[in-house]
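Chains as they are written, first to last, in our numbering: chain A, 1 to 226; chain B, 1 to 226. Every residue, glycine too, gets a C-beta built ideally from N, C-alpha and C. These notes are about the structure you will find just below.
Protein chains: 2
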Amino acid sequence: MDAPNTRFDIASFGELLSDPSRVAMLLSLMHGLTRPASELAEIAQVTPATASAHLKKLLAGKLVRVEQLGRHRYFKLAGPHIADALEAMALHAPQRKIARPLDPARQIFTEARTCYQHLAGKLGVAFLTALEKQKLLRVGGGGYELSPKGIVRCEAAGFESLKKWPSGKPCLDWTERQSHLGGPLGSFLTQQMLERKWLERRREGRAVRLTSVGRRRLADFGVAFL
Amino acid sequence: MDAPNTRFDIASFGELLSDPSRVAMLLSLMHGLTRPASELAEIAQVTPATASAHLKKLLAGKLVRVEQLGRHRYFKLAGPHIADALEAMALHAPQRKIARPLDPARQIFTEARTCYQHLAGKLGVAFLTALEKQKLLRVGGGGYELSPKGIVRCEAAGFESLKKWPSGKPCLDWTERQSHLGGPLGSFLTQQMLERKWLERRREGRAVRLTSVGRRRLADFGVAFL
DNA sequence: GGAATGCTTCGCTGGTCATCGAAGCATTTT
DNA sequence: AAAATGCTTCGATGACCAGCGAAGCATTCC
Numbered sequence: 001m002d003a004p005n006t007r008f009d010i011a012s013f014g015e016l017l018s019d020p021s022r023v024a025m026l027l028s029l030m031h032g033l034t035r036p037a038s039e040l041a042e043i044a045q046v047t048p049a050t051a052s053a054h055l056k057k058l059l060a061g062k063l064v065r066v067e068q069l070g071r072h073r074y075f076k077l078a079g080p081h082i083a084d085a086l087e088a089m090a091l092h093a094p095q096r097k098i099a100r101p102l103d104p105a106r107q108i109f110t111e112a113r114t115c116y117q118h119l120a121g122k123l124g125v126a127f128l129t130a131l132e133k134q135k136l137l138r139v140g141g142g143g144y145e146l147s148p149k150g151i152v153r154c155e156a157a158g159f160e161s162l163k164k165w166p167s168g169k170p171c172l173d174w175t176e177r178q179s180h181l182g183g184p185l186g187s188f189l190t191q192q193m194l195e196r197k198w199l200e201r202r203r204e205g206r207a208v209r210l211t212s213v214g215r216r217r218l219a220d221f222g223v224a225f226l
Numbered sequence: 001m002d003a004p005n006t007r008f009d010i011a012s013f014g015e016l017l018s019d020p021s022r023v024a025m026l027l028s029l030m031h032g033l034t035r036p037a038s039e040l041a042e043i044a045q046v047t048p049a050t051a052s053a054h055l056k057k058l059l060a061g062k063l064v065r066v067e068q069l070g071r072h073r074y075f076k077l078a079g080p081h082i083a084d085a086l087e088a089m090a091l092h093a094p095q096r097k098i099a100r101p102l103d104p105a106r107q108i109f110t111e112a113r114t115c116y117q118h119l120a121g122k123l124g125v126a127f128l129t130a131l132e133k134q135k136l137l138r139v140g141g142g143g144y145e146l147s148p149k150g151i152v153r154c155e156a157a158g159f160e161s162l163k164k165w166p167s168g169k170p171c172l173d174w175t176e177r178q179s180h181l182g183g184p185l186g187s188f189l190t191q192q193m194l195e196r197k198w199l200e201r202r203r204e205g206r207a208v209r210l211t212s213v214g215r216r217r218l219a220d221f222g223v224a225f226l
């Protein structure tokens, strides 16, 4: 269909993302797991014939990868960069409401995950909300700064103490449509939580799990989560 | 054309980015400045009539904003989120070679700018290259860490000293197509440089300017730039 | 005032694409 | 061996869209 070294530019990328069926398929793969073609057809609400045509295009454009198992073909996103690009677009494209229950893998993904290097998902949003409510953050210099009270709390939590704490920025969360804490401060705190085993990375994708230690410690921050 | 509260999803976004003419126009606005419709027509190599139709769609999709000045209409990107999304797509879409000289505004943009919160552009790439060459970084734990030598150098440079320095990640630079230093370490170092006036933000967009102090200090890191 | 400029709207044309049903192919089950 | 399953290919249809020239509408220049 194309030369071996496919010439691929933004417009071809956009072309692939310009169809609602293809987008539905891709979004359903955002959690990082695989799905067979028939399931993707069902998700996109098209016949197997149509789904097959779409998947062929997505393969040619290297947005997805496929693995053959018996008579099934399992598809997954070609890499995290595809998820990144989708996320960047979803952030500023108000979502169409889909009245369909989330499947388990996607549910885990929406609970808690990393976005670039900071905490996102329901937990990420809850964390930022708690920080604001407890006045541990203040707005300053084009972003968030830890308040004196916030610094005390972070030190009490056992985070590494800094002479000057980095600043944070609100980062719009595409599954929650509210902000979580991003920027250097968000990255730093998330790294600290991972190091102290408040959070654990899950095997696949960017989802993370809140440990029991993490649940207790985050409760000290006023986070009510699960 | 559409209901006042436009229902806008990823597919409509993709649809707008699926045409080479529209993408060319948008990319030419990535530096954050404005261009009149005629100039955008010339850039996209289409007649004014066609360009007008494209710009109408981009306006309806809120990808660009327009300002009327006399008989001219000046267009610019609707916000940094549009640039973010384009960048995320460009990163993984090998660019079509365009044999056209860069205009000055875009040139400034490719020299040095911020990407999320870290340094990008030619300067960003040169910085990472220098750090690697001087062995100030080592690879560890799924990313870059400062080497002992690197820590000494950073402290000598007057950066705030940390008990545990954050880790960095390579971040592919879409204008240079090489990596610059991203991740928490990249954010932190860039913030330090801005605070110490090695870099200054330019008035518009994300471009930054290397100050004379910055040029001297970065030379100490082995960066040969300009 | 009249001419030139910058841009838009209109009508048309050619090309491309999503979609489906039917048929085909491979694998697995019975 | 035969039937069922999962997916692809083929051919046809209907819709949409980029592109242009011509005409129209402002604004500015002379």
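Residue range of the beta strand (DSSP E) that includes residue i
| i | result |
| --- | --- |
| Phe-75(B) | 72-77 |
| Val-64(B) | 64-69 |
| Thr-114(B) | 113-115 |
| Glu-145(A) | 144-146 |
| Lys-163(A) | First-last for Lys-163(A): undefined, no H or E at that position. |
| Val-46(A) | Looking at the DSSP string, Val-46(A) is not in any beta strand (DSSP E), and its letter there is neither H nor E. |
| Leu-172(B) | 169-172 |
| Leu-137(A) | 137-139 |
Partner residues on chain B for residue i, Cβ-Cβ distance less than 8 Å
| i | result |
| --- | --- |
| Ile-108(A) | Result: empty, since nearest Cβ-Cβ is about 21 Å, beyond 8 Å. |
| Pro-170(A) | Simply none; closest approach about 12 Å. |
| Pro-36(A) | Neighbours of Pro-36(A) on chain B: none; closest Cβ ~23 Å, over 8 Å. |
Any C-beta of chain B under 7 Å from that of residue i
| i | result |
| --- | --- |
| His-180(A) | no |
| Phe-159(A) | no |
| Asp-84(A) | yes |
| Gln-117(A) | yes |
| Ala-112(A) | no |
| Ser-28(A) | no |
| Ile-98(A) | Residue placement at Ile-98(A) cannot be trusted, given a pLDDT of 46 that sits under 50; the coordinates are not used to answer. |
| His-248(A) | A query on residue 248(A) cannot be resolved here, the shown segment of chain A reaching from 1 to 226 and no further. |
| His-81(A) | yes |
| Gly-61(A) | no |
N-terminal and C-terminal residue of the alpha helix (DSSP H) that residue i is part of
| i | result |
| --- | --- |
| Ala-130(A) | 121-133 |
| Leu-199(B) | It is not in any alpha helix (DSSP H) - Leu-199(B) instead sits in the beta strand (DSSP E) that spans 199-201. |
| Arg-217(B) | 212-220 |
| Gly-183(A) | 183-195 |
| Leu-27(B) | 20-27 |
| Leu-86(A) | 80-91 |
| Ala-11(A) | 10-16 |
Partners in chain B for residue i, counting only beta-carbon separations shorter than 9 Å
| i | result |
| --- | --- |
| Glu-15(A) | Gly-14, Glu-15, Leu-17, Ser-18, Asp-19 |
Residue-chain proximity (residue i, chain A), Cβ-Cβ < 7 Å
| i | result |
| --- | --- |
| Met-193(B) | no |
| Ile-10(B) | yes |
| Val-23(B) | yes |
| Ala-88(B) | yes |
Supposed close pair residue i, residue j - CB separation, criterion 8 Å
| i | j | result |
| --- | --- | --- |
| Thr-211(B) | His-118(B) | Not confirmed; about 18 Å, so no contact. |
| Ala-11(B) | Asp-19(A) | 6 Å |
| Ala-37(B) | Arg-73(B) | 5 Å |
| Pro-148(A) | Gly-168(A) | Wrong, their Cβ atoms sit about 16 Å apart, outside the cutoff. |
| Leu-63(A) | Leu-40(A) | Actually they do not touch by this definition, with Cβ atoms about 13 Å apart. |
| Gln-192(B) | Phe-159(B) | 5 Å |
| Ala-112(A) | Ala-207(A) | 7 Å |
| Ala-60(B) | Ile-43(B) | The pair is not a contact, with the Cβ atoms about 20 Å apart (cut-off 8 Å). |
| Pro-48(B) | Phe-188(A) | No, Pro-48(B) and Phe-188(A) are not in contact; Cβ-Cβ is about 51 Å, not under 8 Å. |
| Ala-126(B) | Val-223(B) | 5 Å |
| Ala-120(B) | Thr-114(B) | 6 Å |
Partners in chain A for residue i, counting only beta-carbon separations shorter than 7 Å
| i | result |
| --- | --- |
| Lys-163(B) | Glu-160 |
Chain-ordered chain B contacts of residue i [CB-CB under 7 Å]
| i | result |
| --- | --- |
| Pro-184(A) | Gln-117, Pro-184, Ser-187, Phe-188, Gln-191 |
Proximal chain A residues relative to residue i, where beta-carbon distance stays under 8 Å
| i | result |
| --- | --- |
| Ala-93(B) | Phe-8, Asp-9, Ile-10, Ser-12, Phe-13 |
| Pro-148(B) | Going along chain A, no residue has its Cβ under 8 Å from Pro-148(B), so there is no contact; the nearest lies around 18 Å. |
| Pro-48(B) | Here the premise fails: no neighbours, minimum Cβ distance about 21 Å. |
Chain A contact residues for residue i, given Cβ-Cβ distances below 9 Å
| i | result |
| --- | --- |
| Pro-104(B) | Correct list: empty, because the minimum Cβ distance to chain A is about 23 Å. |
Using a Cβ distance threshold of 8 Å, determine whether the region 43-60 of chain B contacts the region 83-92 of chain B, with at least three qualifying pairs required. No: the two stretches stay apart, fewer than three of their Cβ pairs being nearer than 8 Å.
Does the region 163-180 of chain A touch the region 212-220 of chain A, meaning 3 or more C-beta pairs lie closer than 8 Å? With the cut-off at 8 Å, the region 212-220 of chain A and the region 163-180 of chain A do not touch.
Is there contact between the region 196-215 of chain B and the region 164-178 of chain B, where contact requires at least three CB pairs shorter than 8 Å? Contact between the region 196-215 of chain B and the region 164-178 of chain B is absent, because fewer than three Cβ pairs lie under 8 Å.
Could you tell me whether the region 14-32 of chain A touches the region 103-122 of chain A, using the rule of 3 or more Cβ pairs below 8 Å? The region 14-32 of chain A vs the region 103-122 of chain A: in contact.
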